[in-house]
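Here is the structure we will look at.
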Amino acid sequence: MSPKDSLPRKKSCNHCYRSKVRCDLKRPSWLVDHIAVLQPSPATTDGAGLSPQIAADLVSADPLDFENIHLMCTVDEHKIRGRWLESLLPSMDQRPKPYHASTMAFVTRIFKSYPKMFLTDNLPPFIHWSQIAYGIAEPLANCVEIARMWVGQTPESAAMVQEIIGQEMSRRAFSGHLELLAILQVYLLYTIMLFSSANAASLVEQDIMIKLQDLAGDVASRGTLCPAETNGSRPDWESWIVASTKRRTLFATCLLDNLVNFTVGTPSFVAVELAGLPAPASKTLWNARDRRSWNTAYNQQLGLWCDGELLINDLWPYPGPDPAQVRQKKIDDWLASVDEFAWFLDMGTGLLVSVDPEDILKKEVDGLTLDQVAYLGHCLIEVTPETFDSNLAFLRRNFSRLDIYLDVRKLKSWDNVIDILNNGASKIFVTFEQLKALSQEPTISADRLVLTISLVNPKTDIAKLKAFIDDNPRWKTAEWAFDGDKGNEHVDDVLKELDNYPPSHDQTIFVSVASETEGRNLLHEYPGNALIVSSKKLTFDPSKDENKSLIPAVELILAGATADRKTGLYATTVVDERGVALGLVWSSRESIAEALKTGTGVYQSRKRGLWHKGASSGDIQELISIGFDCDKDCLIFRVHQKGQGFCHLRTMSCWGKVSGLSRLQRTLQQRKIDAPEGSYTARLFNDPKLVNAKIKEEADELCAATTKEEIASEAADLLYFALARCIAADVTLEDIEKNLDLKSLKVKRRKGDAKPQYVEETPVAEKPPPTTNGVDGHKDEEVKEAASVPKGPSDPAGKTETGRIQLTRFSTSQAFSDDILKAALQRPSQKSNEKIMSLVHPIIADVRANGDSAVLKYTHRFEKATALKSPVLKAPFPESLMQLPEETIKAINTSYDNILKFHAAQKPSAPLVVETMPGVTCSRFSRPIEKVGLYIPGGTAVLPSTALMLGVPAMAAGCKNIVLASPPRSDGTLTPEIVYIAHKVGAEAIVLAGGAQAIAAMAYGTESVTKVDKILGPGNQFVTAAKMIVSNDTSAAVSIDMPAGPSEVLVVADKTADPAFVASDLLSQAEHGTDSQVVLIAVDLTEEQLQAIEDEVHKQAHELPRVDIVRGAIEHSVTISVKTLTEALKWSNYYAPEHLILQIADPRAVLPDVQNAGSVFLGGWTPESVGDYSAGVNHSLPTYGYAKQYSGVNLGSFMKNITSSEVTEQGVGEVGYAVMELARCEGLDAHRRAMEIRLEKLGLIKKNSLQTANAPVEGSKS
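When we follow this note's numbering, the leftmost residue of the sequence shown carries the number 16, and every step to the right adds one.
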């Protein structure tokens, strides 16, 4: 030791030092020797190590007094002493602590590093720096030398070192409780040394652990807590140092006990005997070097822990209700402040990095970059319907770089999930319902599915999951994942309910959490776990200031890895891109950290330290990824080897030259760089025709080969030329193999229909299409309405098994609910479209050819009006046909006035006139359509309201010829309501026919029926089909309002809705016809609330005279349960209902989100019927989902817009050149000439009709 390293003449007695008198005590010689051994880095304020000069300065500048230590004992020392008995006879209050082998391997590695710390610049985290600097830990002196012997032992000296350790452990004499603490620390370190030896299980015998725990009990009995700590005030620094050091030592002792128990196969337990002790303090407090700094830090801590500091048992699972949410913030704050020792007490094992593709692809990235994440080999991405396309693109681009896991729980479509699997997802995190469906697909490998448990309805979900696992036991030990933010207790309860507690040691449990804290708090309880941490919170370079708050990823990567017991290094196999072994080396924590930081091959040489591969030879390696073998006792470095190879003998591999395709690829890659010009290989790379011809030639020869030798030879030739073609395009064998792997991951794609196995409430089976509409001798008007007409009260149509009239239930919480709901929301009439068209076409052709006689024929057949002689009733209509009760006339007149008022207000007040540029004026003006045909349905209900909704706007628009069409009664007459309305709106005639024949008569005209220009009005599926056919026939020259069909309603109801109101609105449309459909979207309703609506539907339906028709409609009607109003509007907009009723708390607020609907009814006091009759809005609305493209009938439906343009001389100069140029671009010379001649006339261009581009006359405006 040099003079400059000597300590000042401060004596070891602090009393004499403060009194500035000489003391006969001499500084213990071991302290000087020990400080000489320590060679710490200068930056010691953040570490535990001390340089000799700093130690001396601390002792002299701010002395500590350990003579008056005030502590109290708050734990049961007898339980601490008797801990060794727990593994044999567990007490009632103990709780098992299961560990995984990889977890214990990691704990072993950490413990093994503690003795080595004496020989570096740090101290074990349970030894305080003051114990060294003040000489209060004299028993640690001999431990330094023995640690040096243990680290440097050889196989020949191992026995001697173990014997010396045993001798030291037999010494126990002490004079005070501070020395007793040091003896416990030394005994703990000696036990760690013995355990870390080759035959640990035999060396750490039970009597050693008994003695260790006996010492721990003695130390605890002399106090573990400062009195001030119990009342929220600040203790003196010296007392706190001793108390905190004791607690850390006791925690480490219990952890070592669990490690020994695990090794010998006996149970491990949480340290309930230490419950109530504060968790390890912050690193700022633990490492404070002066009283002022410590006082400041402790005052800050008092402010942080105003409700009491975190206790060690806060990190354990609690029985009973979930308290994790209450203490979670304290754990978050604690983890942010503690040192590695405390973090180690609470840390889980395993690492899966979660990635946000949008964020990680930015130029400035928080945490790890995508290239750095790729070094870890895999990542997790959450996919939602909104991010599906972008995440799928990310998967396609990067599946060859790393294994990508995707959380697809939010995806509702089977096809979307299959797309994810087919594009290279290594694993997908799925819900239980998704798993049930996916596991039945034989082309999906089970190891690609991770069951993710996130319970919505715990009782129901647990019961279903348990039943599934009982029937499919392989999923009990498969990979699981949990939402960790619900706490340990939640996972405990679920595992116990599923008879899987503790989980299998070989089972991987991922934890999807909102923060690492939640994951750590949960994961350390379970074996085989893997913590999911965001890439934003990890770093490969913690030395940078901006990364101080991030987690060093190397710590998590090595969690659970098993190092060589002798050297502490990790066996490492180095392979190339294709997995071909290049060599066997060793790695250390430092070398792995350096490799990750630099992205190169860096290893640990046992002779020279860090070994940067290729630093001297130039044969460097680019790091591709780091991983482990199945037992986590061998690292795998996947690298791209540059230069001549990995081996010092200048070969690619330490096992000699590579062969086969790898060798061929390397040769071709080199030849591509340096092949002589004109050589055959150079021609292959530069002449695509040559290499393509050779590939075809060799393929033909391979097909013609017959013997084994010939086939092998021709295949080799084909592979040579094929690989040459690939290398020319920079495609490698790795690229080819990745694509082969991708093809092997392909999943058989099935139809998008929902599988019945996983549909809880199966949609009603599709009914056969109607086989008749009275064509070819068949009869009945009923069948033209729907195929599901109940035959009578005993017919089960529209009823449940219990006989209730009830809509079929569905929920967005079902797996692949998008597929299920799309199938359920299919309109019944759409299911037989081709059949309908085949029935309608002959009717239209017949009417077109035979006019009135054909119309009469179908009216006689369908309406039974055989006495009818003329298909038309012309105005003026006889008074006898309009006889109505006074109240009916009053109701019609009220509705007439309201409808007229609303529609007349829609008429533009003046033409639209816009000057688009100087001298160029555009205008638009409206004109009524001259001749309109209005279809008024008949059939199962009389609909005078439709006559009002069509006739009044036509009259308001000013249409000259208004023709109505409606099927007559069997006596040939019309209902007087329709005739009265026809009279009020000024109709010229009423066609006495319905269905396709009425549409054809108005579209083409007959002897008695005026041909119209536009047909408007709703009808059944035959009417809609006929309207579509005639509107697509150019010879008919007729347009239609929309393809309106059977009536429908969608009701959105939340908790504020009145069940009776909801039911009445549903039934008001169900009674229209059996081909009608009604939909209820229930927003976050309970089972009781949903049941109340269903009860009302059943009750009110039986009170209706048209109950049989209602049952027919209800049979293909559905209830959809959703969680949010946003979901409700999503499905409403998808369905695009004719009528949308919003029975919710604030209906006006959601109007901006309504994108597709015919008409909207706001609030519980607005039934759909008010719009049907008298409010003033039109009820002729688009159905079938055509509300996505069409509006309901309005004044504009009876108008056409005409535009006009006017250009002045000035305007010609402004717009003329643009017109000419665009006409030239399109090759339309006459168009160009029409403007050119005007420009010439004004002298704005020269007269030259042959020029293709005219230049302006000098002085004119260009």
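All residues carry an ideal CB built from backbone N, CA and C; glycine is no exception.
Here Ile161 has Ile179, Ile180 and Glu183 as same chain residues with Cβ atoms under 7 Å from its own Cβ, once five neighbours each way along the sequence are excluded. Pairing Glu1086 with Ile1129 gives a Cβ-Cβ distance that is not under 7 Å. As DSSP reads the structure, Cys937 sits in a beta bridge with Val929 and Ser1220. For Gln659, the closest of Arg681, Glu397, Ile651 and Arg593 by C-alpha to C-alpha distance is Arg681. Secondary structure note for Glu713: its alpha helix (DSSP H) is the uninterrupted segment Pro703 to Ala719. Taking C-beta atoms as the reference points, Pro982 and Gly1020 fail to come closer than 7 Å. Judged by their CB atoms, Arg842 and Gln1092 are nearer to each other than the 7 Å cut-off.
In this structure the region 593-613 touches the region 666-674; the number of beta carbon pairs closer than 8 Å is three or more.
Of the candidates Gln449, Gln1225 and Glu1109, the residue whose Cα lies closest to the Cα of Lys1256 is Gln1225. Taking the C-beta atoms as reference points, Pro1152 is found no nearer than 7 Å to Ile1108. Cβ-Cβ distances below 8 Å link Glu609 to Val617, Leu625 and His627 in the same chain, with the five nearest sequence neighbours on each side left out; the list follows chain order. By alpha-carbon distance to Cys241, the top candidate from Trp255, Ala235, Asp1099 and Tyr202 is Trp255. Just measuring C-alpha positions, the residue of Asp756, Gln1158, Pro1167 and Val380 sitting nearest Asp1069 is Gln1158. Residue state for Cys394 is assigned as strand, using DSSP reduced to three classes. From the listed residues Thr245, Tyr995, Val285 and Arg623, the smallest Cα separation to Gly323 is found for Thr245. Membership of Thr467 in the beta strand (DSSP E) is indicated by the continuous run Leu464 to Ile468. Taking a cut-off of 8 Å for Cβ pairs, the region 195-204 and the region 267-282 touch, as three or more such pairs fall below it.
In the assembly as shown, Val654 is a buried residue. Its beta-carbon has 16 or more other beta-carbons within 10 Å. Straight-line spacing of the CA atoms in Asn431 and Ser759 works out to 19 Å.
Taking Asp418 as the centre and dropping the five residues before and after it, the same chain places the C-beta of Gly392, His393 and Ser441 closer than 7 Å to its C-beta, in chain order. Cα atoms of Val1230 and Val935: separation of roughly 8 Å, rounded to the nearest angstrom.
Secondary structure note for Ile639: its beta strand (DSSP E) is the uninterrupted segment Gln636 to Phe643.
In this chain, the beta strand (DSSP E) harbouring Ala1004 covers Ala1004 to Val1006. Rounded to the nearest angstrom, the gap between the Cα atoms of Glu379 and Ser674 is 43 Å.
Every unbroken stretch of the alpha helix (DSSP H) spanning 4 or more residues and falling wholly within the region 955-1001 is given here in chain order: 959-972 and 991-1000.
With the rule of 3 Cβ pairs closer than 8 Å, the region 962-981 does not count as touching the region 862-881. In this structure, Ala1059 lies away from Met1214, with their beta-carbon atoms at least 7 Å apart.
Residue pairing for Phe403: DSSP places it in no beta bridge. The region 1136-1203 contains, as complete alpha helix (DSSP H) runs of 4+ residues, the segments 1140-1150, 1162-1165 and 1183-1188 (chain order). Look at Trp252 here: in three-state DSSP terms it is helix.
Burial state of Cys645 is exposed, judged by a 10 Å Cβ sphere holding fewer than 16 other Cβ atoms. Under the DSSP assignment, Leu565 falls outside any alpha helix (DSSP H); it carries neither an H nor an E label. A distance below 6 Å between beta-carbons, with the five flanking residues on each side excluded, links Gly948 to the following residues of its chain, in chain order: Val978, Met1017, Val1027 and Ile1030. When secondary structure is reduced to three states using DSSP, Pro1074 falls in the helix class. Of the other Cβ atoms in all chains shown, 16 or more fall within 10 Å of the Cβ of Arg1126; this residue is therefore buried.
Between Phe447 and Ala496, the C-beta gap is not smaller than 7 Å, which leaves the two residues out of contact.
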